[in-house]
Structure formats: C-alpha cells, structure tokens
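Q: Protein chains in written order, with this note's numbering: chain G, 1 to 315; chain W, 1001 to 1303; chain Y, 2001 to 2527.
Every residue gets a Cβ at the ideal spot worked out from N, C-alpha and C, and that includes glycine.
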C-alpha cells in the first residue's frame, strides 16, 4: 500500500508538470493580451510600461522558467488584473466553491442514490418512469435557464430566497442567512450531477440484480433486502464511485454558470473572468489547484474501488 | 414463415411448429423485439427521426430565410408569416430553429462519436492491461480532466480558427475522459472474471478478449455513456455560446439562440423557450433511446 | 432510511428559508443605497485595472479638480476657480481650503502634484494617460495652488481634469516605491483614503463594497448613511434583485431590459442623452472608402430610425455628427443629414463608378465591392452588424462579418488597425475637443479609429485647442461638424440615451449621466 501511494505521488508530480506546461503553452497561444493593456483608450507607452511590469517583454522560455521556479514554492505570482497575489485570491475563493460544490454533492448523493436504487428495484414501474423522466429532464436543461426560473419564482415572486452572494451585506455571520443563500445555487448545481448519479446507480444496480449470485442468494432464501444492501448495492456502487471521481473536479472548476448567475464568489466565476481578461498567473494558479483536486479525488476513487470490490487488486 | 426449402406437402400447423426451426435469434433481433415493447423509446426514436429529417431537409422544404432581418417586425409572436414569431432583429424563429438544429445536432453527434471512440480505446487499454499502461493512460486522462476546458477551447479557436468544425472537435476531445474512466473501471472488473480466464486458457489473443468478450459486457455502460455524451455535447455547445465562444451568429445554433434570448426573457420569453425546448426534448429523446437500447442489448436478460 | 433523512433535511431548509429576516437582502432601513456593479472594483483611479465597475466607486471616494455639474457645465470640485495664461500654456488652479482626507490629514496642492506625477510617469502606465498628453509639468506653487504647464494649448483641460481624475494622497504612499504602486493592495484593494463624500467601510471580495458617509465632506454632509455596491456579474440577476427590492438604483445597459421594470408602481425609469456615439468607422486607407460619395452612399443605405426602434427600443437619436447635443452651444444642429434613401445611395455609388454586376454586387475596374466588417461580440453588435450587412447588400455592397471577443478585438484588430471597417462606440468627456479622435496625428496610435486624414479638419481641431474664448471655440467646432457631416470621417449611427431606474424612495439624483450623478451623491435622499 505504501509503495502504491508513493508511486501515485510520483505520477501526480508528473501530471502536474504536464498540465501546467500544456496550459502555459495554450494560454500564450490564445489571441489577445492582459485586459489592462487591451483597452480602447490605452496609449503605446502605457502598454509598453504595463508589458514590462507584467514581465511580458521577456521571451516565453524565461517566463516559463520563472513561473515554474516560484510555482514549486507554491507562489503563483500576482494577477495580471488587479495585481493581487494569486494565492490570496484563490485562498479566498476555494472555500466558497467547496462549500457550494460540497452542498450540491451531498444533495445529489442524498437524493440521487436512493432514487437510483428505487428505480432499479421497481424497474419499469410508474415510480421508475417518473424518476427516470425527472432525471432526464435534469440532464437536459441548461443550467442558466433553471437558475433564472428559480430566481424568478423564489426571489422575485415569492421573496423567499435571496438570489446572490453568500450572505447579506453588512450582517455578521448568521446560519439561517447563510443557508438561505446556499439553497438556490446548490439546487441548480445539483441538477447537473444528480441525474447522472441516479441513472448510473440505476443501471449499475440493475446489472447487479441480474447477476447469477443474486439469483442464487435469493433461491437460497436470503431476504431480498439483505441481498440488496449487503451485496448488490455494494457492487453497484463501483461505477457510481467512478462517477464521483469525475463530478468532484467538475464541481470545483466548472460551476461557472451557476456561480456567475448567483454571483457566488467561487473559483468557477474567477476562471471565466481570468480567461476573458487573459490573466495568465491566475489561470495558471487555478489550473494547478484544480489539477491537484482532480488527482486527489481520483486517488480516493481508486482506493475506494479496492475497498468495495476485493477482487480488484493493483498488480 | 419457414426458412427451409420448397414445401409440397400439406402439414397441419401444430405439427409444422414442432418440426420447423424457429426464426434465427441474434442479439439484434432480440433487441429489436424488446425495443418494440418500450413505448417511451419508440416515441423518442420517432421524435428524433422527425427532428433529424427537418434538420437535413428543412432548409430546402421551407420558405423562410433564417438570415433575413427586419427590425420593424422584431419580437412579434406567432403569425401566418412567422409561425414561431420573429427574433430580436426580425429574423424568422422557425427557420433559425431548423437551421440551428442542423448545427447543434451535427455538433452533438460528431462530438459524441469522437469522445466515445477515444474514451473506449483509452479505457479498454488501461483497464485490461493494467500496470504501466494503465498508469500512463489514466494519468493522461487525469491530466486532460484537469485542463480547464475554457482555455482548451480558446486556444484551439486561436490556432485553428472558430466555427463548427473546431468547436465539435474540441467538445469531443474534452468529453472522452469520463467515458474512459467508466470503461477502464469496467474492464478492470471483467478482466478478473472466470470467463475471461477461460478465454485465455483456450488461447484467445488479448485483442480478441477485449473486443469479443469484454466489450459486449461493457456495451450497456458505453451506450449509456454515449447518449449522455450527446446530451453533454449539445449542452456544452449551449454553455460555450452563453460565454460568447464557439459558433457565432448569424449562424444559428440552439445554444447561441438561447444566449441571445437571455436579455429578452422579460419581454419575449418565447425566444428562449423554443431553443431551450428543442435542447431539452432532443436530449431527452437521446436518453430514452439510449436507455431503451441498453435494456434491449443486455445479453444477460431473458426475452 | 436515507430517503427519510433527506426529506427531513429538505424540510428544515425550507423552514429556515421561509424566515426571510429583514436584513436578508433588503436595503438597510433608514438609508442605505444599494447599486450593482459587474465585478470587483479597484480603489485607485489611476490603477490599470480601473474599469467601469471601479468608476462608480472611485467617483464617490475621491474628488478631481473639476466635475460635471447639475446644470450640464463644468464646475469646481477640489478647485474653486482657475485661469489660463495668455499663451494658453499655463493653467493655474486655486484649490479649496480646509479640505481633509478621510484619515483627518489636510489636503494640499502637494497631493495634486503627487497624483499628476503618477500620470506623467511613463514607466508606470497609469490609466487614462492619453487625455493628459499635453501636460508637461505640474508645479505646486503654494499649498492651495497648482499650475499645469502644457506643451501645447488645450482648451479642454478643464474637462479633462474632471473625468475619472480623482486626487489620491501622497501620505498614503509613503515608503512605497513607484514601481509598486499598482501592487500596493493596502490602498488599492483594502483601505483607500480619499476626500470624497463617503469613505471605505467594508469590502468582501467577490460580494460587495460598503461605503459610509463622511460627515466632514467639504461639499456638505451626505444624507444617506451607506452606499453598498453589490457585485452582480449577471444582468438578469441585477433586474431580478431590483424588482425584489434588494437594489434601489440600477443602470440599464441594454434597452431590451426596460420592459422588465417599466410600469411598476414604485419604480421610476429615467432616460437622458449622453456624450456617446455609435459608429461604423471605415478605414480611410482602404481604397474602397476613399471616395466621399461612397461613404455618403453607405449612410443613405442605412435605415437608422428602424434600427434604433429595433435594437434600442427607441432610446437613441440618429446621429448627425460625432459631437452630441449634450455639448449645448458647441453643437451644430444645421449640418447635412442622411435620411434613409436607397435610391440616393445607388445613385451616388453609380456616380463613383460602381456598376451593378450580374449577381447583384457592385463592380468597378474588375473589383467587387466587398469588405470585412469587424466588430466586438459585446452588447448588440452582433445582430447590428448582421443588419448592416443586409442593408448594404440591398444596394450592392457585399460584407463579410468578422465578430471577435472584445479582448481579441482590441489586441488583433483595433490596435494593429487591421480592419476594413469596424462597428464600435466612443464615450467622450463633455467637451467638443475631438482632436484625439480624428486628427491625422492620432491615426496610427491614437483614437482615430477610421485613420482619417484631412488637412482642413486638422487645422480646425488644432485651432479649437488654441482658442481662448468660448465664442471662438463655438464657432470653430460648429464649422468642424459641418465638415465632418460632409466628409464623413466616421459614419455616425446614433447617440444612445442613458437609461437608469430607481426606487421612488430615492430622491435628488441630478439629471446628468449616472457616473457624474454619483459625484453629487451627498445630495441624494432615501425616504
């Protein structure tokens, strides 16, 4: 086990290196420049001065080496926009994204997995059809459309829930206030992941139920419930666990539209602004952080595999 | 009814049934039969056929010009001249919807084919061979997952120019990773089963085992993944348009029609309803079909 | 079991959500202005990242030497009065006495010198430099007097020092080297110190900025207690919050949204003209556009009233010149105008030697009349360009549309001047000085987007800068407008109105554009 973890750590470093280099190259290939230089009213000497301040007058290779040298010390430099330290900005935003993503994930699990189980066990019943239908709807609706509908209903019409930010400006920490701000964005974000979870759980469990060992167990007289929970569900969780490994990084880096509409100060919103503004240090910093989250969650997924299915070994 | 040679003797039907071989039962005839009993899937297939037909033939069959703008007749509701009304500069919504279906469907299908092909290849190789191969391939998958999609798209558009082709390839190349992970997980499971051991014992090559033995077991998951990917591709295209990248007007896609309609939800919500409904219904239909196919193709189910 | 847990959790959420506490979203009772901005602001008017969201904040935190007044003329802000030397090269500003910074220190001319030295420092790249090009040197003559020495006369200096030109304190930057001014977060991102009507209270990155009133403000203590700028990048979310009462004043960028707020009992929608114009800029270095008749033909081929009705819900006026009626006596209402007249357009094109080809596209000397129309994919430029393409096709001109995102537009089209024609806009300070926008010296590196070069126009613009009296300036600029209406450096489309909406509880917003109105925020009242 220890050896395995060490191997994975070494691989992680290689991945990080590849990811950061690829992103660096792509970001410099993209047309345009830092938005502070790209304004209609800028003058040539202004752009020159800014280029020098941002280090853009140096050759690509030098800039790459400089970035790498400070990145290994976990220093991602200063944003090309408002010139704040990238570390500071990410440190501010990451917990917000984790909060939103975490809530959406828990919501998805709490609703999605039971829904998938019910769907699978009552296959082709009307319950199954209803659950499947809603899953599909959830999969098919563009996030921003759901968001606007919910805002129109719950904020404008009913005045029940706030539609932006994490808390009411000017108030000190109040749990109910925080939760009320979390509800709408979490629901919108969950609609992108809940249906997947429910469907995958359903299809995986259906497969398991069709397996010989399940039929054997039932024939031997074991109660259906027990067969389900001890064996079938456990095995069916494997492909579902796979899905988690994909959902988590998506939640971290990709809740862009949700964060933008609800003005949730997270990393997704930051990533869009950084892309539009060609803010290279910020883009690079975000990429590395997301990469680390992906690597860690993939590792956890693989370890979970081994725990769930004793037949799987890493040989 | 009988597949045999010419009959010149008159045999009663009961006897005939006893001596005549039943029709051949391949995986596909079984699947077709099962599918026929799945009402939602059949509805969905019918819907998709209609939508695709419109997409292919529409621009010739129907008289409206999707690019003719007239600011004085903007945002009008349904009328004789414009069955679905006009958009923000007076272009016919129905015409744009049909032309847009071409683009959106094209992007969705081709991107899905790309992503599934790459994903299955990577996942199968990784899951089956394990060790070094798996390590390299899965780390590569991780690396791709960690790449911010926005930048991949921006950079690709920078180097190759914008438009439908680039967008499709880029969406396809950013959607294969989940497929690879799932397929790899499945191959990992199936590699250690008895029947694979048996196949090895009788001397089947690795390729044969991967394709002929394991792949059918995995195919339900792949089909589910494939239909989800069409959904993902169409939704990604709309998300890209929302952010102002991808395929630009005046060439319509459901995604960029939805984006343009955002501002008008207060004054003309139908502008967003139509493309949104097309995305919803099409994706829904693909999912029902995929689900139906999954059940139909499951080799372990009895009729 | 898990399902039950989920149901309980959801019920609990629903219960707490129903308890909408008074503070959860609504503006603070008794007086809190809440206004949306689209991004995180930077609290330094000279910082390179000082964009529109920052303008609304810095115009309240800081004061310039002058500001745009309620009666639509330039009035003193930190300066009480000013005069210019006979040769027009030295301007003297007499500063207000007794002004204090938010931290209690005294404001002096030294702060003005500090601020303008930053602008003039070529190594810093302060924003808005271009407007101050002719300032050579600043002298702090005595604690209440500054002098600007110019390299060439520029009558519009009074306007220039009043637009986004807030004075910042020297003492806040002691110990900070100039090259670190833009990375000095303590001032730029946390605790700015200004002379304005409100001072910094709280800033939560990504969420909001709250300012509280400065009771010692030299212009009179404000009535409203706090101003909160909520960071809302999505414009539909802004409307939703405004309708829900969480915002009490908004700026409506896109006229399509007016329908959402119009007709509600407690909302007032206000519109007024501003000093902007939207235009097509043909590249005058391109042979296609060098014949004046061609440019005029293009103007005749566009149905601008229909386009205004179409895109702007009527909230604009077809432009007869790049200079707008906001400029009052400098504006010339009697210049050549271009009504929608396809026949005239075709006639002019024929006179210019263009013949209609077999496929409906004009041809001359074997060359088709075909050009690329470049535009940034922001606002309504996309459908606008598609419509322009259609209008031009009707008179035989073929256009290829080239829409790119704003950043690419600036870096790859606008700055290297790589366009046949472009559709874009200018927002200008309220002064007729059009030098930077149309003088031949500003063609390659200035704001002369159409690359226009006309000796007569040049002479007029130079004279306008040198002129000593208002009457003379009026005469010169009226003549310039006559010339521009005939010769068409820009193909001016329209002057858009500014649209803003506020809750009827809000009173006292002056009838000037919102950025300038915020400089009078100490006079606003919330009932």
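#1: Report the rounded CA-to-CA distance for residue 182/G versus residue 107/G, giving the unit in angstroms.
#2: Taking the C-alpha atoms as reference points, what is the distance between residue 2335/Y and residue 2262/Y?
#3: Measuring only the C-alpha atoms, how far is residue 1134/W from residue 1125/W?
#4: Would you tell me roughly how many angstroms separate the C-alpha atoms of residue 1215/W and residue 1259/W, rounded to the nearest one?
#5: Who are the neighbours of residue 309/G on chain W, taking C-beta pairs under 8 Å?
#6: Pick out whichever of 1102/W, 1070/W and 1066/W has its Cα sitting closest to the Cα of residue 1048/W.
#7: If you count every other CB in all the chains shown that lies within 10 Å of the CB of residue 2328/Y, and 16 or more means buried, which is it?
#8: Residues in the same chain with beta-carbon distance under 6 Å from residue 11/G, minus the five sequence neighbours each way, listed in chain order, please.
#9: Shortest alpha-carbon distance to residue 2344/Y belongs to which of 2404/Y, 2429/Y and 2302/Y?
#10: With contact counted as at least three CB pairs below 8 Å, one residue from each stretch, are the stretch 2195 to 2205 of chain Y and the stretch 2502 to 2510 of chain Y in contact?
#11: Cβ of residue 78/G less than 8 Å from any chain Y Cβ?
#12: Residue 2079/Y: which of 2518/Y, 2111/Y, 2040/Y and 2072/Y sits nearest, CA to CA?
#13: I'd like to know if residue 149/G contacts chain Y, where contact means its C-beta is closer than 8 Å to some C-beta of that chain.
#14: The beta strand (DSSP E) that contains residue 2281/Y, what's its start and end?
#15: Interface residues of chain Y around residue 1274/W at Cβ under 8 Å?
#16: Enumerated in chain order, which unbroken segments of the alpha helix (DSSP H) with a length of 4 residues or greater are wholly contained in the stretch 2271 to 2332 of chain Y?
#17: Under a CB-based cut-off of 8 Å, is residue 260/G close to chain Y?
#18: Given that residue 1248/W touches chain Y, what residues does it touch there, using C-beta distances under 8 Å?
#19: Checking 8 Å against the spacing of the C-beta atoms, do residue 1186/W and residue 1218/W come in under that value?
#20: So the candidates are 2444/Y, 2496/Y, 2440/Y and 2216/Y; which of them puts its Cα closest to the Cα of residue 2459/Y?
#21: Please identify the residue among 1014/W, 1122/W, 1084/W and 1062/W whose C-alpha is closest to the C-alpha of residue 1270/W.
#22: Using 8 Å as the limit for Cβ to Cβ distance, is residue 298/G near chain W?
#23: Can residue 8/G and residue 237/G be called in contact, C-beta distance under 8 Å?
#24: Would you please verify whether the beta carbon of residue 2051/Y is less than 8 Å from any beta carbon of chain W?
#25: Of the residues 2047/Y, 2250/Y, 2042/Y and 2424/Y, which one's Cα is nearest the Cα of residue 2384/Y?
#26: The stretch 2243 to 2257 of chain Y: which residues have C-beta closer than 9 Å to a C-beta of chain W, in chain order?
#27: Within 8 Å (strictly less), CB to CB, does residue 2311/Y reach chain B?
#28: Buried or exposed, going by whether 16 or more other CB atoms sit within 10 Å of the CB of residue 1208/W?
#29: So which of 169/G, 199/G and 230/G has the shortest CA-CA distance to residue 1288/W?
#30: Is it right to say residue 61/G is buried, meaning 16 or more other beta carbons lie within 10 angstroms of its own, or is it exposed?
#31: Could you list which residues in chain W have their beta carbon closer than 9 Å to that of residue 2236/Y, in chain order?
#32: If you reduce the DSSP assignment to three classes, tell me which class residue 61/G lands in.
#33: What separation, rounded to the nearest whole angstrom, lies between the Cα atoms of residue 1142/W and residue 2043/Y?
#34: At which residues does the alpha helix (DSSP H) containing residue 2482/Y begin and terminate?
#35: If I measure Cβ to Cβ from residue 2297/Y and keep anything under 6 Å in the same chain, skipping five residues before and after, which residues do I get?
#36: Please tell me whether residue 1104/W and residue 1236/W are closer than 8 Å, where the distance is taken between their beta carbons.
A: To lay it out plainly:
#1: By one-based count along the first chain, residue 182/G stands at place 182. By one-based count along the first chain, residue 107/G stands at place 107. For residue 182/G and residue 107/G, the distance between alpha carbons rounds to 12 Å.
#2: For the purposes of this step, residue 2335/Y is taken as residue 335 along the third chain, with counting starting at 1. For the purposes of this step, residue 2262/Y is taken as residue 262 along the third chain, with counting starting at 1. If I take the Cα positions, the gap works out to 35 Å.
#3: On the second chain, position 134 is the one that residue 1134/W refers to. On the second chain, position 125 is the one that residue 1125/W refers to. Residue 1134/W and residue 1125/W have their C-alpha atoms spaced approximately 7 Å apart.
#4: For this step, residue 1215/W is matched to residue 215 along the second chain. For this step, residue 1259/W is matched to residue 259 along the second chain. Cα to Cα, the separation comes out at about 40 Å.
#5: For this step, residue 309/G is matched to residue 309 along the first chain. Within 8 Å Cβ-Cβ: 1189.
#6: Walking along the second chain from the start, residue 1048/W turns up at place 48. It is 1102/W whose Cα lies nearest to the Cα of residue 1048/W.
#7: Numbered from 1 along the third chain, position 328 holds the residue referred to as residue 2328/Y. Counting Cβ neighbours within 10 Å, residue 2328/Y comes out exposed, since fewer than 16 surround it.
#8: In the first chain, the residue the question calls residue 11/G occupies position 11. Nothing meets the Cβ criterion.
#9: Position 344 of the third chain, counted from the start, is the residue given in the question as residue 2344/Y. Ranking 2404/Y, 2429/Y and 2302/Y by Cα distance to residue 2344/Y puts 2302/Y first.
#10: no
#11: Counting from 1 along the first chain, the entry for residue 78/G is found at position 78. Yes, because at least one Cβ of chain Y sits closer than 8 Å to the Cβ of residue 78/G.
#12: Locating residue 2079/Y in the third chain gives position 79, counting from the first residue. Comparing Cα-Cα distances from residue 2079/Y to each of 2518/Y, 2111/Y, 2040/Y and 2072/Y, the minimum goes to 2111/Y.
#13: Against the first chain, residue 149/G aligns to sequence position 149. It does not; no Cβ of chain Y falls within 8 Å.
#14: The residue you call residue 2281/Y lines up with position 281 of the third chain. For residue 2281/Y, the uninterrupted beta strand (DSSP E) run begins and ends at 2276 to 2282, by DSSP.
#15: Counting from one through the second chain, the residue named residue 1274/W turns up at place 274. Within chain Y, not a single residue places a beta-carbon under 8 Å from that of residue 1274/W; the smallest gap is close to 17 Å.
#16: Listed in chain order, the complete alpha helix (DSSP H) runs (minimum 4 residues) inside the stretch 2271 to 2332 of chain Y are 2292 to 2300 and 2304 to 2312.
#17: Walking along the first chain from the start, residue 260/G turns up at place 260. Yes, residue 260/G lies at the interface with chain Y (some Cβ there is under 8 Å from its Cβ).
#18: In the second chain, residue 1248/W corresponds to position 248, counting from 1. Simply 2377, 2382 and 2403.
#19: In the second chain, residue 1186/W corresponds to position 186, counting from 1. In the second chain, residue 1218/W corresponds to position 218, counting from 1. Closer than 8 Å, so yes.
#20: The residue given as residue 2459/Y occupies position 459 in the third chain. Closest option to residue 2459/Y, Cα to Cα, is 2440/Y.
#21: In the second chain, the residue the question calls residue 1270/W occupies position 270. Per the Cα distances, 1084/W.
#22: Numbered from 1 along the first chain, position 298 holds the residue referred to as residue 298/G. Yes, because at least one Cβ of chain W sits closer than 8 Å to the Cβ of residue 298/G.
#23: In the first chain, counting from the first residue as 1, residue 8/G sits at position 8. In the first chain, counting from the first residue as 1, residue 237/G sits at position 237. Result no, Cβ atoms of residue 8/G and residue 237/G do not sit closer than 8 Å.
#24: Here the question's residue 2051/Y lines up with position 51 in the third chain. By this cut-off, residue 2051/Y is not an interface position.
#25: The residue given as residue 2384/Y occupies position 384 in the third chain. Comparing Cα-Cα distances from residue 2384/Y to each of 2047/Y, 2250/Y, 2042/Y and 2424/Y, the minimum goes to 2424/Y.
#26: Across the stretch 2243 to 2257 of chain Y, CB contacts with chain W closer than 9 Å involve 2254, 2256 and 2257, in sequence order along the chain.
#27: As a matter of chain content, chain B is missing from the structure shown, whose protein chains are G, W and Y.
#28: Translated into positions along the second chain, residue 1208/W becomes position 208. By the neighbour-count rule (16 or more Cβ atoms within 10 Å), residue 1208/W is not buried but exposed.
#29: The residue given as residue 1288/W occupies position 288 in the second chain. Ranked by Cα distance from residue 1288/W, the options 169/G, 199/G and 230/G are led by 199/G.
#30: Here residue 61/G refers to the residue found at position 61 of the first chain. Exposed, because fewer than 16 other Cβ atoms sit within 10 Å of the Cβ of residue 61/G.
#31: Along the third chain, read from residue 1 onward, the residue named residue 2236/Y stands at position 236. Chain W residues near residue 2236/Y: 1262, 1263, 1265 and 1266.
#32: Along the first chain, one-based indexing puts residue 61/G at 61. Helix, per DSSP.
#33: As a working note, residue 1142/W is residue 142 in the second chain. As a working note, residue 2043/Y is residue 43 in the third chain. Looking at the two C-alpha atoms, the distance is approximately 40 Å.
#34: Residue 2482/Y sits at position 482 when you count from the first residue of the third chain. Taken as a continuous stretch (DSSP letters only), the alpha helix (DSSP H) holding residue 2482/Y covers 2470 to 2487.
#35: Along the third chain, read from residue 1 onward, the residue named residue 2297/Y stands at position 297. Around residue 2297/Y: 2345, 2348 and 2349.
#36: What you label residue 1104/W is simply residue 104 of the second chain in a count that begins at 1. What you label residue 1236/W is simply residue 236 of the second chain in a count that begins at 1. Not closer than 8 Å, so no.
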